[in-house]
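Going by numbering that gives the first Met the number 0, 3 is the number at position 4 of the sequence shown; the sequence numbering is gapless. Written out below as structure tokens is the structure these notes cover.
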Amino acid sequence: MKLVYFIRHAKSSWENPELPDHRRDLLDVGIKRTRKVAKWMINKKIAPDLIISSPATRAFKTARIIAQFFDYPEKKIVTVPTLYPGSAQHIMDTLYALPNAVEQVMVVAHNPVLTELVNSFLENNKKIFNLPTSAVAAVRFDTDEWEKIELADNHVNFIISPKNIKSGS
């Protein structure tokens, strides 16, 4: 079994219009919401073997926040240039190339790509309109080989966003 946590970066700032999009930083509210989601994942005993991130500032900083909660060394976060702005195929190609020893991976990236990708694993009547900032969608693939995940049966274990988490959860 392979498990992927698709994570949308935290809420970011639009305050500086001259700043290139890939350099936009996180807002304090985005940091707070990401911490809330990370705590929820820790309580659910989630344990990533690998964290992959888009190189965009807002995505990498989100990955760093999450890594801290899992005692995952920041220097082991893998940045993949094709994930910014990325496509569903870029994400899938990244997953196909993973070593099979990796069982659980977190992928921190961007919309609309993440919403599109998550919807590709959902039945028509369960599709989502938008994967919110700091949200996580966990998808299980019933295979032991990353290169076979596209053909494997899959199941969306959960989709969680900061607004769905009750205080104290």
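Virtual Cβ for every residue (Gly too), placed ideally from N, Cα, C. The structure displayed is predicted, hence computed values, not measured ones.
Report the three-state DSSP secondary structure of Ala-151 (helix, strand or coil). coil
Please name the residue in Thr-78, Thr-33, Arg-34, Met-91 whose C-alpha comes closest to that of Phe-140. Met-91
Limits of the unbroken beta strand (DSSP E) element including Met-105: 103-108
Please report the straight-line C-alpha distance between Glu-122 and Glu-144, rounded to a whole angstrom. 24 Å
Threshold first: 3 residues or longer. Then list the beta strand (DSSP E) segments lying entirely within the region 7-59, N to C. 49-52
Measuring only from the beta carbon, is Ala-151 closer than 7 Å to any heavy atom that is part of the ligand GDP? With respect to the ligand GDP, the structure shown offers nothing to examine, as it has no ligands at all.
Please report the straight-line C-alpha distance between Ala-55 and Ser-86, rounded to a whole angstrom. 14 Å
Kindly indicate which three-state DSSP category Tyr-4 falls into: helix, strand or coil? strand
Contacts around Ile-65, its chain only, beta-carbon distance under 6 Å, and the 5 residues preceding and following it disregarded: Ala-37
CB-CB under 6 Å to Arg-22, same chain, minus the five flanking residues each way: which ones, in chain order? Thr-56
Using the C-alpha atoms, what's the distance from Glu-102 back to Ser-133? 22 Å
Starting from Val-135, follow the beta strand (DSSP E) in both directions and report where the run begins and ends. 135-140
For Glu-73 and Val-112, I'd like the C-alpha separation in whole angstroms. 24 Å
Contact belief for Ser-53 with Tyr-83 at Cβ below 8 Å, rounded distance in angstroms: 4 Å
Where does Asn-156 fall in DSSP's three states? strand
Got a sec? Which residues, its chain only, sit under 6 Å from Met-40 by beta carbon, not counting five neighbours each side? none
May I ask you to report which of helix, strand or coil DSSP gives Thr-132? coil
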